[in-house]
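Here the structure comes first, spelled out in structure tokens, and everything after it is commentary.
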Amino acid sequence: MEERPNALLLKFPGTNCDFETARALEASGFSTTILPIAAFKKESLNSVKLVVLSSGFSYGDYVMAGRLAQLETQRKVGDALTRFRDNGGYMLGICNGFQILTKLGLLPEGSLIDNTSGRFICKWVHLKKNNDQNAFLNGLPETFELPIAHAEGRFVAPDGAAESYVENGLAALLYHDDVNGSSSQIAGLSDQSGRVLGLMPHPERFLWDSHHYDPNWQGDNSGWGAGYMIFKSIYNTIIKE
Amino acid sequence: MEEKLPNQEDKKSFYEIPIRDLDPDGLLDLSEKMKLSLSVDDMIEIQLYYASAMRREPTDVELECIAQTWSEHCKHRIFGARIEHSSPQGNEVIDSLFKTFIKGVTERIMEKKPGFVLGCFVDNAGFVKLDDDQAICLKLETHNHPSAIEPYAGANTGLGGVIRDILGAGKGAKPIASCDIFCFGPPDTDAQSIDANDVIHPLGIMRGVVRGVRDYGNRMGIPTITGAIQFDPSFIYNPLVFCGTAGIIPISDIDKEMSPNLRVIAVGGRTGRDGLKGATFSSMALDTDSHEEDQQAVQIGNPIEEKKAADFVIEARKENLIEFITDCGAGGFSSAAGEMLSEVGGNLYLERAPLKEPGMTSWEIFLSESQERMVLAVKEEFLPRLKELADIYETELTEIGDSDDSGILKVWHNGELVCELDNSRLHDAPIRQLKSSFERGEIQKYEWSQTDLGDDLLNVLGDFAIGSREPIIREYDHEVQGNTVLKPLAGKSGDAPQDSSVVRIDGSDRLMSIGLSLLPEWGKTDPLAMGKATVDECFRSLIASGANPEKIALLDNFCVGNPDDSRELGMLVETCKGIAEAAEAYSAPFVSGKDSFYNYFETDQGPVSIPTTCLISGMGVIENPSHVTGASIRNSNSVVLILGTTDSKMGGSVYARIKEKTQEEVPHANFESALNDYKKFHKAVSEGLILSAHDVSEGGLGVAIAEMAFSEVGGVTIDLEELPTQGEMSNAECLFAETPSRLLIECEPESLGQLEKIFEGSDCSVIGKVTTKHQNLSINVGSKNVLEVGISTLKEKWKNVLTPYY
């Protein structure tokens with residue numbers, strides 16, 4: 002029988018990409034539970050292999066994006082996520098999830114602030130991999146496209162840090178062009194363990210070819226998109242362990 | 006009288022208002038003092054009701070409640086009025102525009118097409134069948150007056166409100182996409198030219214409105230997938246803001262019914278003094294005082310509150326815990342409770358409602374339009390699970406009442422009965438008697454002589470009516486939920502405009518297309534033609550995206566200036582005739598609609614009305630993912646065809662407006678040939694013969710072909726000699742006339758044979774080809790070149806129209 006590792010998607014009030022992210026997780030082989038943070042219990046992480054923080058506007062993000070979610074997570078979950086990672090668990094944060102993981106200190110030092118344009122940007126971007134070994138990216142080609150949709154996606158870090166993240170491969174994913182002012186065009190960042198990845202682009206929105214802005218309309222559009230490959234990569238990594 | 010009205014210092018939460026002995030002047034005076042927006046006839050009806058049926062004086066709660074219920078905003082009394090209409094066709098009496106031109110049409114179509122429309126005009130939104138299990142629904146609302154005085158909050162809550170309409174449709178539909186349509190003054194309006202104090206400049210309106218929609222839609226996680234903007238100086242004082250949301254629901258959850266012994270619960274936000282009398286405020290003209298006095302009528306939005314309530318509602322519906330649900334919109338609890346308890350009867354306890362602030366009077370709680378509130382009727386046995394869900398989704402749930410079998414709505418506040426209404430009587434507002442007239446303006450045929458067509462095309466592409474909406478579209482998350490397959494900007498370059506937008510539906514092989522049309526410029530000369538053309542354009546844009554012509558349903562949204570002016574009302578009557586004729590011809594039923602009147606502003610120089618505006622939106626079912634068709638050129642060796650004939654009438658066109666020749670006749674759609682063409686086109690789509698297709702609309706053929714080429718796949722050469730026309734036409738007429746019912750089609754050269762067979766008998770010609778030999782739009786007449794401009798030049802002009810302003 003096919004093995005279906007458990008993925009847990011933590012949902013905050015205002016989280017809004019949970020449905021399609023769960024759909025992507027299911028499609029790539031995970032058994033997925035969406036759990037509102039109010040229903041979180043200590044045992045919620047038992048037998049979970051992957052924790053996902055999907056995108057949205059947790060608590061409205063009226064103060065810095067992810068800040069309230071960070072405080073609520075610390076209050077309700079404590080250090081359970083850190084222990085989860087140290088015990089071999091994987092974590093993926095997409096867009097707002099990336100912002101929350103950063104605020105929680107589960108990713109290298111840095112912050113996601115207002116785009117240089119001062120605007121929300123919804124568009125497709127070209128990305129390039131900067132770490133072939135990353136467990137979430139190892140099944141992807143060197144370059145690919147994904148959509149972004151954020152107002153606070155500009156990654157900034159203390160002097161020299163962004164450059165060092167690119168150098169040592171922690172900045173696992175880079176924008177091909179300057180889309181939001183991110184230092185060193187960082188689009189995605191992993192932690193030292195390689196078990197946690199945060200990224201601003203939305204892999205769950207490029208599950209099939211038909212998600213692309215210029216697909217072959219009359220042809221077969223049911224092939225997998227680049228976003229699927231991110232979920233499949235981490236699935237394959239987990240299955241092999 | 007005055008000293009009896011409640012005020013802040015007084016502790017009493019409601020008052021009896023003596024009306025029995027008032028004469029008509031006294032009644033009108035009371036209506037004005039209390040801002041009830043009720044006419045003398047209405048007040049006399051109320052006086053009679055209390056004197057004869059109730060045998061007592063009304064309370065302020067009751068009067069406020071009746072005023073909201075009978076307001077134009079809630080009751081659509083003009084659409085129900087008896088209208089004596091005179092036009093060049095003679096005099097006639099119309100017994101309700103709604104019954105005659107909307108409901109009547111729909112009923113006849115429903116008989117012809119049983120099983121397609123699953124609900125219309127009764128619930129919060131109209132439903133049509135998607136497949137055997139699921140239905141789609143759509144609703145559009147206006148939020149004009151709030152957006153005029155507080156653009157951000159007005160538009161914010163405009164979208165928030167229509168999303169709640171969908172959440173309250175059936176037993177709770179899931180919102181899956183939104184659209185927004187705006188009419189603004191031109192962004193470059195000279196501030197000195199605005200003839201009234203406190204009017205917000207069109208730029209301020211546009212920026213505030215767009216951000217309001219952005220912040221609500223994005224935070225709700227509902228993609229804003231399509232829209233439109235019209236710019237015209239007549240919208241400076243009274244901008245129009247339409248917000249729409251589409252939903253999906255299992256067919257088995259559409260029907261909902263009230264019964265005795267249910268618990269009535271409120272879910273979501275708290276009740277406050279924001280949004281008092283919004284419905285009556287929306288039913289009056291604007292003036293400078295509105296900007297100072299009516300701020301209270303504008304609600305304050307909190308999308309996360311609504312998101313939590315939405316998550317709760319969808320889960321509760323999935324678990325079958327809901328008997329009845331509706332949203333708190335205009336009129337607040339009074340309209341929600343009225344809708345729920347109007348047949349069975351029941352009790353509402355105001356002191357139980359969680360409040361934002363202390364000291365609110367009875368009518369304030371009952372009538373408040375505070376946002377993010379849903380009202381549900383549920384079985385008592387499900388309350389524990391519902392409370393559990395409310396805890397999980399962190400939304401507030403309160404029991405506020407119950408249903409019985411009395412047929413009477415009783416509202417209690419701290420043990421006192423503050424309002425007792427026999428709902429069967431309450432909704433009987435007197436039918437209005439109105440007069441309308443329509444006269445055609447002077448018609449003139451201009452010479453559209455030789456001019457520089459290249460410059461002309463650049464000017465049209467650079468006009469506010471045509472320029473790219475990209476700066477605004479990119480601020481909306483149009484891809485959240487991961488189902489937007491035909492995006493508002495697409496094509497190889499990722500930034501070319503599309504006709505309709507298409508979303509896939511989870512759990513179905515079918516997709517939903519959403520399209521729309523509004524042409525206020527046409528209505529200025531010929532509202533009948535405008536009505537016809539808006540239906541045609543909306544229908545056509547849905548067909549172009551791949552929708553099945555048999556499975557299209559429409560919505561009508563009207564915005565009118567002063568309905569008491571017989572000429573303005575006459576324009577509305579003519580518009581209604583136009584949409585009815587078109588919808589009937591296409592067998593496309595109206596399933597929902599809304600109207601907004603009193604869209605005029607009392608300036609220092611007199612009233613300024615908006616032009617009569619009719620927004621037709623529609624939802625179409627796409628049978629198969631392979632039917633989805635974009636509007637951007639895809640292959641560099643393809644050919645370009647046009648379906649439909651071009652007429653020399655230039656009235657209503659963007660080109661005529663730019664050239665200041667606006668008296669020309671407006672073209673009328675020919676539905677019979679058009680419908681045939683659309684059916685053939687759909688057959689071609691089903692057979693996989695169409696690479697891309699674009700409706701020819703505002704800006705005419707020149708703009709349509711340029712827009713198709715903006716995917717930057719190759720250059721395009723067009724020969725106007727091949728264009729099917731009605732008689733001799735100048736090149737400018739060929740390129741810029743906005744004749745309805747035309748589609749531009751791109752196909753592979755190998756498909757031409759099959760397409761010629763399908764389109765046999767139609768006006769359909771190959772007019773051009775895509776090439777890699779050049780990167781221009783090259784327009785010839787036979788061997789003579791009449792226009793040659795680089796596509797990148799055209800595109801740059803088109804892309805930078807709004808960027809300096811937004």
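If you read the protein sequences in the order shown, they are chains Y and G.
For my numbering, add 1 to where a residue sits in the first sequence, where the first one is 1.
For my numbering, add 5 to where a residue sits in the second sequence, where the first one is 1.
Positions of the beta carbon are idealized from the N, C-alpha and C atoms, including for glycine.
Start and end residues, beta strand (DSSP E) containing residue i
| i | result |
| --- | --- |
| lysine 440(G) | 438–442 |
| threonine 83(Y) | That residue, threonine 83(Y), is in no beta strand (DSSP E); its alpha helix (DSSP H) goes 81–87. |
| tryptophan 893(G) | In this structure chain G extends from 6 to 811, so residue 893(G) is not present and cannot be described. |
| arginine 268(G) | 268–273 |
| cysteine 248(G) | 245–255 |
| aspartate 724(G) | 720–724 |
6 angstroms Cβ shell around residue i - same chain, five flanking residues per side excluded
| i | result |
| --- | --- |
| tryptophan 368(G) | Asp65, Val66, Glu69 |
| phenylalanine 132(G) | Leu123, Gly124, Ala140, Cys142, Ile259 |
| proline 63(G) | Ile22, Tyr55 |
| methionine 6(G) | In this prediction, methionine 6(G) has a pLDDT of 38, which is less than 50 and means its spatial position is unreliable; what the coordinates show is noted afterwards. For methionine 6(G), where only same-chain residues beyond five positions count, there are no Cβ hits under 6 angstroms. |
Per-residue DSSP class, three states only, for residue i
| i | result |
| --- | --- |
| glutamate 8(G) | Caution is warranted here: a pLDDT of 44 is assigned to glutamate 8(G), below 50, making its placement in the model unreliable, and the coordinate value is therefore given only provisionally. Correct three-state label for glutamate 8(G): helix. |
| threonine 238(Y) | helix |
| histidine 127(Y) | strand |
| methionine 655(G) | coil |
| lysine 789(G) | strand |
| methionine 734(G) | coil |
| glutamate 14(G) | Low confidence applies to glutamate 14(G): its pLDDT is 49, below 50, so where it sits in the model is not reliable, and the reading given next is rough at best. If DSSP states are grouped into helix, strand and coil, glutamate 14(G) belongs with coil. |
| asparagine 7(Y) | strand |
| histidine 699(G) | strand |
| tyrosine 451(G) | coil |
| methionine 65(Y) | coil |
CB contact check: residue i to chain Y, cutoff 9 angstroms
| i | result |
| --- | --- |
| glutamine 486(G) | yes |
| asparagine 223(G) | yes |
| glutamate 399(G) | yes |
| aspartate 511(G) | yes |
| aspartate 316(G) | yes |
| isoleucine 695(G) | yes |
| threonine 74(G) | no |
| valine 633(G) | yes |
Minimum Cβ-Cβ distance from residue i to chain G less than 9 angstroms
| i | result |
| --- | --- |
| glycine 61(Y) | yes |
| leucine 317(Y) | Nothing about residue 317(Y) can be reported from this structure: the residues present for chain Y run from 2 to 242 only. |
| aspartate 178(Y) | no |
| threonine 67(Y) | According to the sequence displayed, residue 67(Y) carries glycine and not threonine. Not an interface residue. |
| glutamate 27(Y) | no |
| glycine 154(Y) | no |
| lysine 124(Y) | yes |
| histidine 37(Y) | Per the sequence shown, residue 37(Y) should be read as proline rather than histidine. True, the Cβ-Cβ gap to chain G drops below 9 angstroms. |
| glutamine 219(Y) | yes |
| proline 202(Y) | no |
| glycine 15(Y) | yes |
Cβ separation of residue i and residue j, assumed to be a contact under 8 angstroms, to the nearest whole Å
| i | j | result |
| --- | --- | --- |
| methionine 576(G) | proline 532(G) | 4 angstroms |
| valine 303(G) | alanine 341(G) | At roughly 20 angstroms, the Cβ-Cβ gap does not stay under 8 angstroms, so valine 303(G) and alanine 341(G) are not in contact. |
| cysteine 248(G) | serine 183(G) | 7 angstroms |
| serine 234(Y) | alanine 136(Y) | 7 angstroms |
| glycine 226(G) | cysteine 18(Y) | 7 angstroms |
| glycine 277(G) | lysine 361(G) | 3 angstroms |
Own chain partners of residue i with C-beta closer than 7 angstroms, once the 5 adjacent residues on each side are dropped
| i | result |
| --- | --- |
| arginine 5(Y) | Gly30, Phe31, Ser32 |
| lysine 108(G) | Phe126 |
| glycine 705(G) | Ser658, Tyr660, Leu740, Phe741, Ala742, Glu743 |
| glutamine 449(G) | Gln668, Glu669 |
| threonine 634(G) | Ala549, Ser550, Gly551, Val690, Ile695, Ser697, Ala698 |
Start and end residues, alpha helix (DSSP H) containing residue i
| i | result |
| --- | --- |
| alanine 679(G) | 676–691 |
Any non-hydrogen atom of the ligand ZN within 8 angstroms of residue i CB
| i | result |
| --- | --- |
| methionine 48(G) | The ligand ZN is not part of the structure shown, which contains no ligands of any sort. |
Cut-off 8 angstroms between Cβ atoms - residues of its own chain near residue i, not counting five sequence neighbours on either side
| i | result |
| --- | --- |
| isoleucine 210(G) | Ser152, Ala153, Pro156, Phe189, Gly190, Pro244 |
Per-residue contacts from residue i into chain A (C-beta, under 9 angstroms)
| i | result |
| --- | --- |
| serine 211(Y) | Judged by its chain identifiers, the structure shown contains no chain A, and its protein chains are Y and G. |
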